[in-house]
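Take a look at the structure set out below.
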Amino acid sequence: MGESTTAVEVPLIDISGWDSGPHAQARIAARVGAAAADPGFMRVVGHGIPGQIHDGVREAIDLFFDRPPAGKLRYAPPEPDSERGYRAPAVPGAAESFHLGTQARDFPDRALPAAVYPANIWPVGLPKFQPQVMAWFDAAQRLARRLTRIFAVALDVPEGFFEPYTGHPIDVLRLEHRPPAPAGAPVAGDGCAAPVGVAGVPLAAAGTAPAEGGSAGHTEPGLLRVVWAEGAPLQFADDLGRWHDVAPWPDALVVHVGDLLARWTNDRWQAPPFRAALPPAPAGGGGQRWRAAALSHGADFDALVTTLPTCVGPDRPDYYEPVTVARHLAVRLGGRWQRLITGAYGGRDFRQG
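Residue numbers (the working numbering): -19 to 333.
This is how it looks when you write it as structure tokens:
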């Protein structure tokens, strides 16, 4: 028997009036802050990403993932847990994915480690793929930066508070796809056996139970995540471990809080486990494709995170010591990221930066 899920009213927030003045900003920030505190998820409209950009990434997903397996495996990364290139489904019915992100070469004035900001892998023979994908990536990054300004006001710090910490962020875009399934096919969840999100976190890392035929949930290690998806609802878990569907809304993007932001806010804001609930195939086969584009927006690798003073008080002591983003990722994820950090920085301990 699979676990039950329920649909809850995830806040729907229009941010289009953010630049209309202080009254609009106060209203929007209050709604965003309340949603970030509970449940940690929100649906955002008025985000400024036009429909043709979503149409473009949808076409790009189909163009690439409709290739035969051998044509996609050519773009698998040299390291199996890398956040670049193609990842094949590890089990039948799972989603396949394609990753890209910020690169060291994007910041020529900084000596950023290429192992942490690796070069992207682009397929040849698809002239529209890179511009369509990059159009969505760039638009989602602009939205993420706008959201961090809204977050700052909601947290009673200056609107530009997060800008010095996100000049060269570790951002990862994950494109996901599952084709319509054949009749009677088993169904897996939102990725491979150990798919990666920002900073390479495997879905099983959070220790939450998988959906029937699906994958375990995980939290977002970075600041926030922006998701466009078609074909199946996203789900998040509450404090009691109950899973809830995020009901879709026309033109809305799903935004949720990450571990880094939860730490910055001294757990005032939540970073709930999430997953995609891919439906079983109809008895006669077919069904909808699952398509998704998800931006994991992080902070600078060398940024020092200290608890916001507005999130500490007599009834809420400071739970966390200062930590660099590098150290946060190493502790949070371990494995490959621990090796990358020590290798890129000569074994320095990033506990205090």
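The beta carbon of each residue, even a glycine, is placed where N, CA and C say it ideally should be.
Small disclaimer: the values here were computed from a predicted structure and weren't measured.
What span of residues does the alpha helix (DSSP H) with residue i cover, start to end?
i	result
W116	109 to 134
I33	31 to 45
I101	Neither: I101 is in no alpha helix (DSSP H) and is coded neither H nor E.
Q5	2 to 17
V137	That residue, V137, is in no alpha helix (DSSP H); it is neither H nor E in DSSP.
P49	49 to 53
Who pairs with residue i in a beta bridge, going by DSSP?
i	result
E156	S77, A272
V235	M22, V206
Q215	D225, R255
V(-12)	V226
T199	DSSP output for T199 lists no bridge partner at all.
G314	In DSSP, G314 forms no bridge with anything.
I(-7)	V24
V285	V303
Can you tell me which of the options puts its alpha carbon nearest to the alpha carbon of residue i?
i	options	result
A272	F21, P159, D(-6)	P159
P144	A68, P228, V285	V285
P253	V226, G278, D231, W270	V226
G211	D295, H224, H157	H157
P57	W116, D280, P138, H79	H79
W229	G238, P138, E200, P213	P213
W102	V96, R85, V113, A50	V113
Q32	L153, W249, A119	A119
A94	R129, L123, S62	S62
W116	R307, P88, P302, A40	A40
R205	T304, P49, L53, F21	F21
L123	E301, P30, R7	P30
P138	P294, G314, P2	P2
Which residues in the same chain have their Cβ closer than 8 angstroms to the Cβ of residue i, if we skip the five residues on either side of it in sequence?
i	result
D(-1)	none
H121	The sequence shown places Gln at residue 121, not His. So the qualifying residues of the chain are D151, L275, H277.
D43	The sequence shown places Leu at residue 43, rather than the Asp named in the question. Same-chain partners within the cutoff: L106, K108, F109.
Q318	A310
H148	T82, D86, F87, R90, L92, Y97, D280, F281
A4	G(-3), W(-2)
Give every residue of the same chain whose Cβ lies closer than 7 angstroms to the Cβ of residue i, excluding the five residues on either side of it in the sequence, and list them in chain order.
i	result
V24	I(-7), I(-5), A232, L233, V235
D298	N246, T287, V292
A185	For A185, the predicted model reports a pLDDT of 30, less than 50, meaning its position is unreliable; a value from the coordinates is still stated below. Excluding positions up to five away in sequence, the list reads H198.
D18	Q250
Report all residues from its chain with a CB closer than 6 angstroms to the CB of residue i; omit the five preceding and five following residues, and keep chain order.
i	result
P98	R64
D136	T290
A16	V237, W249
F330	Model confidence at F330 stands at a pLDDT of 44, short of 50, so the residue's coordinates are unreliable; what they give is reported in the following sentence. So the qualifying residues of the chain are T304, A306, R307.
R154	S77, H79, A274
G177	Confidence at G177 is low in this model, with a pLDDT of 31, below 50, so its placement is unreliable and no value can be given for it.
A134	A9, V12, G13
G128	According to the sequence provided, residue 128 is Thr. The question's Gly does not apply to it. These residues qualify, in order along the chain: F142.
Tell me where the beta strand (DSSP E) around residue i begins and ends.
i	result
D239	No beta strand (DSSP E) holds D239; the alpha helix (DSSP H) holding it covers 239 to 244.
F21	21 to 25
D151	Counting along the chain, D151 falls outside any beta strand (DSSP E), and DSSP gives it neither H nor E.
R105	Before going further, note that residue 105 is Gly rather than Arg in the sequence given. First-last for G105: undefined, no H or E at that position.
R67	65 to 67
(request) Give a yes or no on contact between the region 4 to 12 and the region 237 to 246, applying the rule of three or more CB pairs nearer than 8 angstroms. (result) As far as the Cβ criterion goes, the region 4 to 12 does not touch the region 237 to 246, which means the pair count is below three.
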